[in-house]
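To start, the structure under review is shown below, and the notes come after it.
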Amino acid sequence: MDNATVYTDVLIVGGGPSGLSFAIRLADSLKEKGLKRRILLIDKGNSIGSHIISGAVIRPDVFGELLPDVPIDQIPFDSKVSSDTMYMLSEKGSLKVPFHPPYMGNKGNYTASLGEVCRFLAKKAEEKGVEIYPGFAMSDILYDERGKVIGAKTIDTGVDHHGNKLENFQEGTRVEAKLTVFAEGTRGSLAKKLIEKFDLQKGKNPQIYSLGCKEVWSVPEGNIVPGEVYHTMGFPAANFGVFGGGFIYGLKDNKVALGLVVGLDYADPTFDTHDAFQIWKTHPFVAKFLKGGRMLEYGAKTLPEGGYYSLPKLYVANALLIGDSAGFLAMPALKGIHLGIRSGMLAAQAALTAFQRNDFSENTLKTYEQSVKQSSIHTELHRTRNFRQGFMKGMIPGVFHFGTQLVTGGAGFFGRLKTHPDSEATKTLAQAKKPLFKEKYKDLEFDKVLTFDKATNVYYTGVAHDDHQVPHLQINDPATYNAVNIQEYGAPCQYYCSAEVYEVHTDKEGNQELRIHFENCLHCKTCDIKEPAGGITWNVPNGGNGPDYKYM
Amino acid sequence: MALTIISLIKQVPLPSEMRMGDDGLMDRTKAKSIINVDCQFGLEAGLQLKKKYPDARMIVCSMGPQSFETALRTALSMGYDEAYLLSDRKLGGSDTFATGLALATLLKHLGFDKDSKEPFIVFAGRQTSDGDTAHVPSQVAENLGIPQATFVERIEADDNGNVMARRIIEGGYQELQLPIPCLISLTPTGVAPRKPSLSGAIKARNTAVTVLGVDDIHLSTEKIGISGSPTIVANVQNIVSDRPPVMMAEGQGEKELVDSFMAQFDTGGNVLEKKDEKEKKTAETPDFPILDKRGPAKGILTWAEVTNGKIARPSLELLNPSLKLAKELGNDTKITTVLIGKNVKPLAKTLFEHGSDEVILVENDRLEEYLVMPFSDILAQVIRKRNPEIALFAATTAGRELAPRIAVKTGSGVTADCTGLEIGEYVNRKTKEIIRPILHSRRPTYGDSKLATILGFVYPQMSTARPGTFPVPEEQPGRTGEISVFEPELNEKDFAVKIHKTVRGEGGLQSLLDADVIISGGRGATGDGLKLVKELAAALKEKGIRAEWASSRVVVDEGLAEYARQIGQTGRTVRPKVYVAIGIFGAIQHIYGMKESGKIVAVDHNPKASIFHHADFGIVGEYEDIVPELIERVKNGFTFGVEPVGKD
């Protein structure tokens with residue numbers, strides 16, 4: 209029973225849109241070729257969809273390719289986009305942008321809960337013979353003696369906070385596979401290890417990210433029409449030189465999805481995306497949609513924004529990277545779902561070839577990366593390849609860059625623009641521009657009707673973590689953490705974390721220490737991305753832990 | 310021959326999502342489901358035993374609708390090998406009596422009873438969150454004719470084929486040695502249930518759950534379902550909580566948090582006022598003939614539990630509703646109390662002085678310590694001989710296993726853990742008759758959110774009464790009664806279970822019952838050995854407040870507090886004006902002992918600790934930070950709104 213090993217042909221780590229699409233496409237094409245192979249898909253959420261959060265406005269065309277037999281109206285999107293407008297917000301006012309910035313139109317798209325869509329895809333995949341096991345967390349990649357990937361292992365359970373075995377200890381299950389597909393989503397914890405071990409980011413820009421906070425509300429009839437789509441720029445992120453914008457989507461049954469997405473390359477160590485989101489909701493333009501309503505759900509996640517130049521090498525022998533784990537997300541529309549699905553489908557094509565040849569070497573799997581380069585993924589990413597970097601020095605240079613990129617087919621006047629890891633962008637308290645976010649908003653209060661403190665919001669995520677486990681958030685260098693990250697930077701984690709995981713406690717003598725409430729963690733990975741000097745590592749907690757999103 | 314380990318589990322709705330149909334029966338269709346928590350501990354106990362018996366055959370069984378397959382699959386993925394579900398529409402509405410019979414019949418069908426050649430052991434949860442009776446394990450054991458131990462926290466196999474069980478009792482624990490086969494029910498305090506493993510989940514996916522109907526196991530339909538159950542649920546009411554939602558302190562750091570708490574405490578009017586739980590009057594009584602179905606059954610029988618050489622307080626409390634029922638029944642109804650033990654005759658005086666009319670004395674050297682098998686046998690013999698119309702037991706750990714085991718022998722239904730007992734009638738609109746008199750047993754259920762009235766139609770009508778609910782009747786010095794000696798037939802097999810050790814703390818500490826403020830520390834406040842908890846109580850005393858410190862059971866177990874200070878189901882029930890819970894998670898057993906307090910304040914680092922659901926005021930923070938701040942405030946004059954009574 210202990211240390212059981214499971215053998216499979218394919219192991220997919222992660223049940224989001226890319227992993228499920230890979231599974232569906234591979235199952236279909238194997239069947240077409242008369243091949244029978246075992247496909248296992250493992251997800252750390254307690255059910256498929258429970259860790260899925262997205263805006264979302266989805267481009268539907270790729271679903272027709274993935275599921276040719278399924279009419280579009282059978283896919284559980286929410287509503288067809290009926291109107292689509294962009295507003296520029298100032299402190300109190302709003303100005304409708306009279307045209308759509310390029311590549312941001314949503315005509316023919318659908319508002320959706322991506323969780324619902326994933327539950328649907330999972331059902332389809334199971335019908336096609338894919339074995340799906342939610343509730344299990346893959347904590348380690350398995351390598352053979354020559355260092356090649358041979359699968360992954362679930363986390364050991366039944367340990368105390370220090371990792372000591374308890375009486376109900378169980379060693380994790382080893383899953384050995386001919387092909388392992390990493391589809392863990394943004395900043396995947398195994399994908400990160402894989403990228404480091406095989407230096408897959410070599411010669412590429414470091415990946416950069418944004419953080420989005422989202423709520424779903426139930427509002428009185430008439431506040432919003434299903435399918436209405438609004439995007440906002442400006443207030444409040446722009447006041448701090450932060451790249452970001454808001455979204456408000458009308459859903460059926462008088463629901464609204466809304467959120468604020470902020471680039472994590474900001475300098476202010478006290479900037480707080482959750483609080484900025486709450487402040488944004490008080491803007492009259494936003495508040496009017498919520499009037500008389502109540503919040504149903506809250507959530508947060510990061511998005512890989514680096515685009516074309518941040519894509520890692522997508523394969524090593526016996527393993528592939530797909531979806532957000534690889535960084536497939538198109539700016540400026542912030543759309544990654546259709547790219548994730550397409551990357552899954554293209555990877556499945558390469559996987560089929562590998563099974564036909566029974567050869568999982570780089571030589572075969574590289575066809576995946578080649579096919580990506582010939583696909584619409586490439587077209588979409590390449591034309592905005594310098595978009596995000598252009599905004600790293602602020603909104604005005606950003607708009608200038610974007611203008612030059614539009615007339616040069618994405619190149620701009622400066623060739624490839626570089627990125628720096630978001631953790632390096634944060635400045636110390638002394639160096640950061642004043643007033644700091646927390647100074648400006650030091651009297652910020654939450655009325656618990658329109659705006660909520662983090663603890664209240666966290667309650668609306670359904671988050672839960674087993675008490676008996678090693679805390680999954682790890683301070684990499686406890687020796688210097690206090691002097692550098694707390695004293696010099698003012699412990700940015702207590703601000704950037706949108707779930708109040710991190711708390712700096714000051715005792716009567718004035719000594720400060722960091723306390724980690726890992727039970728609140730929403731698995732957004734911001735700490736792994738944004739902590740100065742890469743000071744925090746996000747590991748997977750026990751399977752089935754984390755948020756329990758219903759309609760996110 | 311290899312051992313077979315059998316776990317009985319029930320799938321229950323998540324406590325927060327429970328609904329009940331209008332008929333008073335559980336509507337399981339809407340809520341998200343889990344394996345009942347106590348049953349999960351039973352599953353784990355089985356898996357722990359497998360370490361000693363690696364070749365053991367692992368079986369999990371349940372009874373319920375098809376949807377219970379989900380729970381069985383989870384058990385398979387935890388490490389069980391075979392799963393059986395007894396599922397049949399004819400079982401709908403079964404009470405605990407019928408459920409115990411059905412499950413036992415399923416096990417017999419699978420080849421397990423007292424005569425089976427293969428050794429086996431049955432694990433179960435102590436009780437379920439949607440039933441709360443704790444009856445079924447005892448009734449399965451009785452139906453199978455095997456020994457049992459209930460309220461067990463830990464088990465271990467010895468090298469002689471026995472199982473050692475640590476059983477929780479009032480004030481401590483017992484170490485029991487059980488032979489195989491036997492049945493053991495687990496409390497949710499021992500080894501925590503493991504998480505399903507991926508390899509287990511994959512195996513579970515490929516394992517069939519065998520679904521059996523009543524015909525498959527040759528179970529007579531006369532004894533199951535609504536018609537076969539000796540009890541019915543006559544009425545269910547919502548208990549409207551008088552406690553407003555908790556007010557959580559807000560702020561950064563202990564100073565702000567305590568400021569916020571004190572402001573809320575001063576303004577928040579969370580004074581608990583117990584409202585009368587009145588039964589809604591249904592339509593007026595129709596003009597049906599009134600029937601008295603008692604036949605020759607007459608009188609009220611109670612059992613007097615002896616602990617530490619005295620009559621246990623709950624057994625004296627039990628005489629309170631007994632006296633009331635006797636009065637309501639009129640017609641010279643007598644209260645007969647059975648007193649079992651070694652040299653217990655002198656205790657009869659106490660019983661007479663508190664209301665017993667007759668004491669049936671059963672004295673034997675082998676009966677010095679309570680054991681469920683011989684005691685249930687003796688009480689069943691007494692009941693058969695005396696034929697009482699009502700038999701009452703205190704709902705102690707002993708009473709709650711004894712009553713259901715007796716009930717199987719007498720064919721009675723049992724209502725568990727009652728908070729109200731009265732004589733009434735039953736209007737049967739189908740048969741157009743009114744049964745009168747009949748015992749109305751009221752019990753809170755579904756996490757104390759509902760009050761159900763249960764009626765039994767087999768005599769004696771049996772109920773257990775929740776300790777701490779009824780006051781001990783006023784003592785009448787010099788009152789006497791008749792002592793009858795009963796010589797039971799002792800069955801050697803009833804002594805198969807051996808008591809190795811009994812640890813039972815002393816009562817006393819009256820100051821805890823008189824305190825206006827109780828500062829209670831749990832596992833989360835033991836970092837300094839409860840030093841801060843004691844200091845806070847001392848600071849209040851210093852201000853002339855009647856304050857005392859107390860603790861949860863785990864803290865007593867760890868030896869940091871004496872039993873007399875333990876609050877909860879197996880400790881004391883207290884009702885101070887203010888109860889301050891520090892580092893107490895809020896297990897239901899603890900809540901049981903303090904929920905009637907005036908104001909409840911909870912301090913814990915875990916915002917999800919269930920104590921906050923039962924508190925009026927909550928402070929989330931490390932107790933090492935919050936409590937010193939509270940002590941300072943007390944020193945500056947904050948006394949939790951309680952007036953000083955002068956220094957001792």
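Residue numbers (the working numbering), protein chains in the order written: chain A, 209 to 760; chain B, 310 to 957. Every residue, glycine too, gets a C-beta built ideally from N, C-alpha and C.
Gly-373 of chain B has its alpha-carbon roughly 16 Å from the corresponding atom of Gln-436 of chain B. From the beta-carbon of Gln-357 of chain B, the residues of chain A found nearer than 7 Å are Glu-375. Going by beta carbons, Val-469 of chain A and Gly-420 of chain A fall inside the 8 Å limit.
The beta carbon of Glu-711 of chain A sits closer than 7 Å to those of Gln-702, Arg-723 and His-725, all from its chain and outside the five residues before and after it, given in chain order.
Around Leu-849 of chain B, the same chain offers Val-826, Ala-856, Val-943 and Thr-948 as residues with beta carbons nearer than 7 Å, after the five sequence neighbours per side are excluded. In this structure, the beta-carbon distance from Val-383 of chain A to Leu-219 of chain A falls below 8 Å. Excluding five sequence positions before and after Lys-496 of chain A, none of the CB atoms of its chain fall closer than 7 Å to its own CB. Separation of Ala-385 of chain A and Ala-559 of chain A (C-alpha to C-alpha, rounded to the nearest whole angstrom) is 12 Å. Gly-272 of chain A has its alpha-carbon roughly 28 Å from the corresponding atom of Lys-521 of chain A. The C-beta of Ser-291 of chain A has fewer than 16 other C-beta atoms within 10 Å across all chains shown, which makes the residue exposed.
Under the rule that a run must span 3 or more residues, the beta strand (DSSP E) segments found entirely inside the region 384 to 461 of chain A read 417 to 426, 436 to 442 and 452 to 459. Of all residues in the region 437 to 469 of chain B, none comes within less than 7 Å of chain A when Cβ atoms are compared.
Under the three-state reduction of DSSP, Pro-374 of chain B is assigned to coil, being neither helix nor strand. Nearest CB-CB separation between Asn-690 of chain A and chain B: not below the 8 Å threshold. Inter-residue distance for Lys-648 of chain A and Thr-394 of chain A is about 31 Å (C-alpha atoms, whole angstroms). Straight across, the Cα-Cα distance linking His-713 of chain A with Ala-834 of chain B is about 18 Å. Proximity of Ile-511 of chain B to chain A, defined by a Cβ-Cβ separation below 8 Å, is satisfied. Residue pairing for Gly-481 of chain B: DSSP places it in a beta bridge opposite B:Ile-478 and B:Arg-813.
Runs of the beta strand (DSSP E) lying entirely within the region 346 to 372 of chain B, each at least 3 residues long, are 366 to 372 in chain order. In chain order, Lys-504 make up the part of chain B whose C-beta sits under 9 Å from the C-beta of Asn-750 of chain A.
Taking 8 Å as the threshold, the shortest C-beta distance from Ala-231 of chain A to chain B does not fall below it. Beta-bridge annotation (DSSP): Met-557 of chain B is paired with B:Gly-927. Here the alpha carbons of Lys-426 of chain B and Pro-490 of chain B stand approximately 10 Å from one another. DSSP places Val-712 of chain A in the strand class (E or B) of the three-state scheme.
DSSP, read as helix, strand or coil, puts Arg-463 of chain B in strand. Less than 8 Å separates the beta-carbon of Gly-409 of chain B from that of Val-445 of chain B.
In the displayed model, Leu-521 of chain B falls within a strand according to three-state DSSP. Listed along the chain, the chain A residues whose CB falls inside 8 Å of the CB of Ser-316 of chain B amount to none; the nearest CB is some 15 Å away.
Phe-702 of chain B is bridged by DSSP to B:Thr-773. Approximately 7 Å separates the beta-carbon atoms of Arg-675 of chain B and Leu-799 of chain B; this is inside 8 Å, confirming the contact.
For Lys-399 of chain B and Arg-738 of chain B, the gap between their C-alpha atoms comes out near 22 Å. Contact check between the region 457 to 468 of chain A and the region 427 to 434 of chain A: three or more CB pairs, one atom from each, fall below 8 Å, which counts as touching.
Judged by their CB atoms, Ala-354 of chain B and Val-500 of chain B are nearer to each other than the 8 Å cut-off. Taking Ile-891 of chain B as the centre and dropping the five residues before and after it, the same chain places the C-beta of Gly-830, Ala-834, Val-842, Val-912 and Tyr-932 closer than 6 Å to its C-beta, in chain order. In chain order, Arg-503, Lys-504 and Ser-506 make up the part of chain B whose C-beta sits under 8 Å from the C-beta of Thr-365 of chain A. Short of 6 Å from the beta carbon of Lys-718 of chain B, and not among the five residues preceding or following it, lie these beta carbons of its own chain, in chain order: Ala-689.
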